[in-house]
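Here our numbering is used: the first residue of the sequence shown is 3, the next is one more, and so on.
Note that CB positions come from ideal geometry on N, CA and C, so glycine has one too.
Below is one structure; the comments refer to it alone.
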Amino acid sequence: MHTPNQSPIYLIALGAFALGMASYVTAGLIPMIEASFAVSVAVAAQLVTAFTLAYGLGSPIFVALTPAHRQRAGLLLALGLFVIANAASALAESFTALMAWRAIAGIGAGVYLAMGIGASAAVSTPERRGKAIAIIMGGMASGVVLGVPLSLLIAEQLGWQAALWLVTLLGLVALVGLLLKLPSLPAATATTLSQKLAILGDGHVLVILLVSLLAAIASLGMYTFIAPLLADPAYGAVRSVTPYLWVWGIGGVLGSFLIGPLVDRIKGPVLTFAIMLILAVSLFVLPLAAALSTWLVMLPIALWGAVGWALQVPQNNELILARQAQGDGNLAIALNESALYLGSAIGAAAGGFVLLLQMPTWTLAASAGGVAALGALLQIINLRRQPTWNGDVQAEPYN
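Encoded structure:
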């Protein structure tokens, strides 16, 4: 059997890696940007909000507006916009311009990832489709988990702009490669707006999405403020947050791999409930551990990273199961990704508001823990619901 060329998939994954870096690198750059533009940390943190809010709200609109027969052009245009916006961010001479370019980069990133997943499926054989999509998502996750700390090491030596130039370079390499290697893509299936909105009438799906939203507010929102917390003299006066981001990232990689076998053995709603509880506890403990030791705090950070990244495996699995009869599981997963980015934007905005009120930095972690605990309580609805399709599907291997 002829094996299709896999190079476009890895090139799309490279672009996704750059996307992951761009999404959260500014969280670690906050102290540098704060000094460069003479703005407060609360204001500087809104760069993350601008990117993630534009991603979560703007990208679905632009994806919907992309003509069904222009999928390849739409993918390349989105990646090109992402590259230009990151280069312009590195060249920005005012904070206002930097904020605007981060928002534009967020739109380009969101459209690119959505269309990149579709493109990877289109250039793969059916039996390789799942692996192709996993490569794309793995590229993005690696960009956040591993690329962000790497870019911060470079920024500490060459300035915050260097981190954005690295993102630009990786995106440009992916763009040139895709221009040369990506074949024509089949036209997407045309659907009406009412068909797309019907999924929002599924109560079970809405609860899953809301839990993901709360998890992102807590986990990704707190990630934005890990530098200010650990820089506080009361919590270690850490000069470089990079080692702690590495610990968070390593925990995320381990969590992503270790959660796989558990999903096959434990019912999804139960696993999600346990993860949300662990996330809440790790965030509550974070400032307490930091006050005791700059080494001890690595334990809750690693646990937080592990469960934060692991959560979306059972969540996406539940969404697929919930919508498999309707055939729109992919749309449900896309909505879940939007929930994550919107949650990150809300978390960054809320954390900035907490700092504007001049509240102690420990309240950042405490508030995030409270949001995670709320998500655990909400998950009880899914625990009680336990749809028959879920039980049947997961009970089959034991019959």
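Residue nearest to valine 169 in terms of C-alpha spacing, selected from Ala176, Met23 and Ile119: Distance from the Cα of valine 169 is smallest, within the candidate group Ala176, Met23 and Ile119, for Met23.
Element boundaries [alpha helix (DSSP H), containing leucine 172]: For leucine 172, the enclosing alpha helix (DSSP H) stretches over residues 162-183.
Short Cβ contact (7 Å threshold) for phenylalanine 53 with glycine 141: Contact: no.
Alpha helix (DSSP H) runs wholly inside the stretch 250-330, at least 4 long, in chain order: Qualifying alpha helix (DSSP H) stretches, in chain order: 270-294, 300-312 and 314-325.
Neighbourhood of glutamine 73 by C-beta distance below 8 Å, restricted to the same chain and skipping five residues each side: The residues Met117, Gly120, Ala121, Ala124, Leu187, Pro188, Ala189 and Ala190, in chain order, have a CB closer than 8 Å to that of glutamine 73 in the same chain once the five nearest residues on each side in sequence are set aside.
Own chain, CB closer than 7 Å to alanine 157, minus 5 neighbours either side, in chain order: Around alanine 157: Leu31, Met34, Ala164 and Ala165.
Environment of glutamate 36 [buried if 16+ CB atoms lie within 10 Å]: Within 10 angstroms of the beta-carbon of glutamate 36 lie 16 or more other beta-carbons, which makes it buried.
Pairwise C-alpha distance: glycine 58 and valine 43: Each residue's Cα considered, the two are about 23 Å apart.
Same chain, Cβ closer than 7 Å to leucine 264, five either side skipped, listed in chain order: Its chain contains Leu273 as the residues whose beta carbon lies nearer than 7 Å to that of leucine 264, once the 5 sequence neighbours on both sides are disregarded; these appear in chain order.
Counted within 10 angstroms of its Cβ, other Cβ atoms place glutamate 398 as buried (16 or more) or exposed: Model confidence at glutamate 398 stands at a pLDDT of 38, short of 50, so the residue's coordinates are unreliable; what they give is reported in the following sentence. By the 10 Å Cβ count, glutamate 398 comes out exposed.
Reference proline 230; option with closest CA among Asn338, Ala292, Leu81 and Leu13: Measuring C-alpha to C-alpha distances from proline 230 to each of Asn338, Ala292, Leu81 and Leu13 identifies Ala292 as the nearest.
Start-to-end residues for the alpha helix (DSSP H) that takes in isoleucine 228: If you look at isoleucine 228, you'll find it in the alpha helix (DSSP H) that goes 228-233.
For valine 175 and glycine 345, the rounded distance between their alpha carbons: Between the alpha carbons of glycine 345 and valine 175 lies a gap of roughly 30 Å.
Rounded distance between the beta-carbons of leucine 342 and alanine 218, thought under 8 Å: The beta-carbon separation of alanine 218 and leucine 342, rounded to 4 Å, stays under the 8 Å limit for a contact.
Minimum C-alpha distance to alanine 29 - residue among Tyr246, Ser214 and Leu172: Among Tyr246, Ser214 and Leu172, the Cα nearest to that of alanine 29 is on Tyr246.
Presumed contact (8 Å Cβ cut-off) between alanine 56 and alanine 105, rounded CB distance: With a Cβ gap of about 4 Å, alanine 56 and alanine 105 count as contacting.
Alanine 200 to isoleucine 348 span [Cα, whole Å]: Approximately 25 Å between the Cα atoms of the pair.
Tyrosine 237 versus alanine 375 - alpha carbon distance: Using only the alpha carbons, I get a separation of about 23 Å.
Neighbour-count burial assignment, methionine 361, 16 or more Cβ in a 10 Å radius: It counts as exposed.
As assigned by DSSP and simplified to three states, the class of alanine 94: Coil, per DSSP.
C-alpha distance - leucine 154 paired with valine 243, whole-angstrom precision: Answer to the nearest angstrom: the Cα atoms are 9 Å apart.
Separation of leucine 279 from valine 249, as counted between CA atoms: Valine 249 and leucine 279: Cα-Cα distance of roughly 20 Å.
Alpha-carbon spacing of leucine 298 relative to valine 207, whole angstroms: For leucine 298 and valine 207, the distance between alpha carbons rounds to 38 Å.
Whether leucine 172 touches alanine 20 by CB criterion (7 Å): A distance below 7 Å separates the beta carbons of leucine 172 and alanine 20.
Burial state of threonine 390 (16 or more Cβ within 10 Å): Bear in mind that the predicted position of threonine 390 carries a pLDDT of just 46, short of 50, making it too unreliable to give a figure here.
Sub-7 Å separation of alanine 367 and proline 271 beta-carbons: No.
6 Å Cβ shell around leucine 371 - same chain, five flanking residues per side excluded: According to the sequence shown, residue 371 is glycine rather than leucine. Excluding residues within five positions, the ones whose Cβ falls inside 6 Å are Ala282, Leu285 and Phe286.
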